[in-house]
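As numbered in the UniProt record's numbering, residues 1 to 84 make up the sequence shown, in order.
Don't be surprised by glycine CBs; every beta carbon is placed ideally from N, CA and C.
Note that the structure is predicted; figures quoted are calculated from it, not measured.
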Amino acid sequence: MSQQQAGSAQRQQAGRAQHHERKRLQEVVVADVDISFGNMVMLLIKLAFASIPAAIIIWVVMLVFGLIAASVLGVGGAMLGAAG
1 MSQQQAGSAQ RQQAGRAQHH ERKRLQEVVV ADVDISFGNM VMLLIKLAFA
51 SIPAAIIIWV VMLVFGLIAA SVLGVGGAML GAAG
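Structural data, given as structure tokens:
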């Protein structure tokens, strides 16, 4: 490794250390968000539509867990017509 490459590597390492130090010490406080009413309405409508697939996924996961729990505990046999 040449002396120039070694110096470049040392500068990169020092730059990374400074970046991590600045990243740790930097604090951000949001004081105000300037957004028009129409843009806020559109944002909330998009948020509502984006939550639909998430709700469906959560519902399916809960259904699967419920069916597993019911089969393990033996609950719901009468509803399925099983003779007990």
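When only Cα atoms are considered, residue 52 and residue 65 end up about 20 Å apart.
Assignment of residue 8 by DSSP, reduced to helix, strand and coil, places it in the helix class.
For residue 38, the enclosing alpha helix (DSSP H) stretches over residues 37-73. The three-state secondary structure of residue 13, taken from DSSP, is helix.
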